[in-house]
Amino acid sequence: MDTLIAQLQRQFRDYTISLYQQGFLDDQFTELKKLQDECSPDFVAEVVTLFFEDCEKLISNMARALDQTGNVDFKLVGSTVHQLKGSSSSVGAKKVKGLCVTLKDCCDSQNFEGCVRCLQQVDIEYKTLRAKLQDLFNLEQQIVQAGGRIPQVDI
Amino acid sequence: MTREELPNLAESKLTALVVDDNFVNQSIHQKLLSRLGIQNDVVCNGKEAVDAHCSGRNYDLILMDMDMPIMNGTQATKRLREMGIESKIAGVTTRANEGEKKEFMEAGLNDFQEKPLTISKLLSILHKLDFYVQT
């Protein structure tokens, strides 16, 4: 019979793999994991926290810009989404990055409805990723609290 | 100094400056550098990079983002070269447009890498610029 630790480790492994298979994460997230060590055991959590704070701020700025009915500054929205694309690329947030590319295209073609729709999707997507990564970090904590080691997952 | 006389980075205490307005990238780039034993500072835009040098600070390597408020990477690189700063400057940016890349290079870069940076991209920069590192 599996010990609790083995069960948790298997759950962690399966959940991690699913996040990559479902397109939430890409190789850059793996690169971040490589940088985590004994000196900075919470590095990944810290960086993704900064990313989600970025999401909140930049999405709010874009929403405000799109709210200026009849006087939307598409260049401002475009440059803001470019920043968000950069951060999402840096943490391996694949779906968020993909939506940023689509939103940038909408800005470039000054497609107002497209921008609004896409921004809503970006908002939903980053919140989904935030919840999923929180679940992943909770699993890590459970493994450590049970006295186990967090398994390395080869993608 | 010949290639054979160059110390490896772990012993030579190389220094670097991260110039980027984004906290996510700042954090990652600083961690990448620290992992390779490179002491580093961070500033948020090109003007702060120039001001740091005006106050007497100097670095072996500068990782320069392109898009930044107040003074962007192209302007900052030009200014630093005008000041006679001979540090190796590597441009790092998500922009892949050939025209913008060319303008950035011509401002005085020694190398260019597309973001996101990884250990292998940073090692590539260091090897191209004749810095040797033990991993």
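Residue numbers (full-length UniProt numbering), protein chains in the order written: chain E, 1 to 155; chain F, 1 to 135. All C-beta atoms in this analysis are idealised placements derived from N, C-alpha and C, irrespective of residue type, glycine included. Bear in mind the structure is a predicted one, so any value in this text is a computation, not a measurement.
{"Item": "Among Pro151/E, Asp154/E and Gly98/E, the one whose alpha carbon lies nearest that of Phe24/E", "Value": "Gly98/E"}
{"Item": "Classification of His127/F by the beta-carbon crowding that lies within 10 angstroms, buried from 16 upward", "Value": "exposed"}
{"Item": "Partner residues on chain F for Leu50/E, Cβ-Cβ distance less than 8 Å", "Value": "Phe23, Val24 and Ser27"}
{"Item": "Nearest to Cys54/F (by Cα), restricted to the options Met71/F, Arg79/F and Lys88/F", "Value": "Arg79/F"}
{"Item": "Chain F contact residues for Val47/E, given Cβ-Cβ distances below 7 Å", "Value": "Val24, Ser27 and Ile28"}
{"Item": "Buried/exposed call for Cys106/E, threshold 16 Cβ in 10 Å", "Value": "buried"}
{"Item": "Residue range of the unbroken beta strand (DSSP E) whose run includes Asn45/F", "Value": "First-last for Asn45/F: undefined, no H or E at that position."}
{"Item": "Cutoff 8 Å; reference Gly147/E; Cβ partners in own chain excluding five residues on either side", "Value": "Ile5"}
{"Item": "The region 62–79 of chain E in contact with the region 47–64 of chain F per 3-pair CB rule at 8 Å", "Value": "no"}
{"Item": "Separation of Asn111/E from Asn61/E, as counted between CA atoms", "Value": "18 Å"}
{"Item": "Contacts around Gln75/F, its chain only, beta-carbon distance under 7 Å, and the 5 residues preceding and following it disregarded", "Value": "Gly46"}
{"Item": "Cα-Cα separation, Val72/E to Thr16/E", "Value": "40 Å"}
{"Item": "Cα-Cα separation between Leu136/E and Glu48/F, rounded to whole angstroms", "Value": "38 Å"}
{"Item": "Straight-line Cα distance separating Gln121/E from Lys121/F", "Value": "32 Å"}
{"Item": "Chain-ordered residues of the region 95–116 of chain F with a beta carbon less than 7 Å from chain E", "Value": "Lys115 and Pro116"}
{"Item": "Closest by C-alpha distance to Thr3/E, when choosing among Glu38/E, Gln152/E, Val153/E and Ile143/E", "Value": "Ile143/E"}
{"Item": "Cβ shell of His29/F (< 7 Å), same chain only, five flanking positions each side left out", "Value": "Val18, Asp20, Leu63 and Leu117"}
{"Item": "Residues near Val116/E in its chain [Cβ-Cβ closer than 8 Å; skip 5 each side]", "Value": "Leu66"}
{"Item": "Any chain F beta carbon closer than 8 Å to Ser40/E", "Value": "yes"}
{"Item": "Buried versus exposed, by CB contacts within 10 Å (16 or more), residue 158/E", "Value": "Only positions 1 to 155 of chain E appear in this structure, which leaves residue 158/E out of reach."}
{"Item": "Closer than 9 Å at the beta carbon, the chain F residues around Asp54/E", "Value": "Asn22, Phe23 and Val24"}
{"Item": "Of the listed residues Thr102/E, Leu84/E and Gln152/E, nearest to Tyr126/E (C-alpha basis)", "Value": "Leu84/E"}
{"Item": "Leu32/F vs Ile119/F beta-carbon contact at 8 Å", "Value": "yes"}
{"Item": "Chain F contact for Gln28/E (CB, 8 Å cutoff)", "Value": "yes"}
{"Item": "Integer-rounded CB distance, given that Leu103/E should sit under 8 Å from Val81/E", "Value": "5 Å"}
{"Item": "Extent of the continuous beta strand (DSSP E) to which Gly91/F belongs", "Value": "Lys88 to Thr93"}
{"Item": "Sheet register partners of Val19/F (DSSP bridge)", "Value": "Val43/F and Met64/F"}
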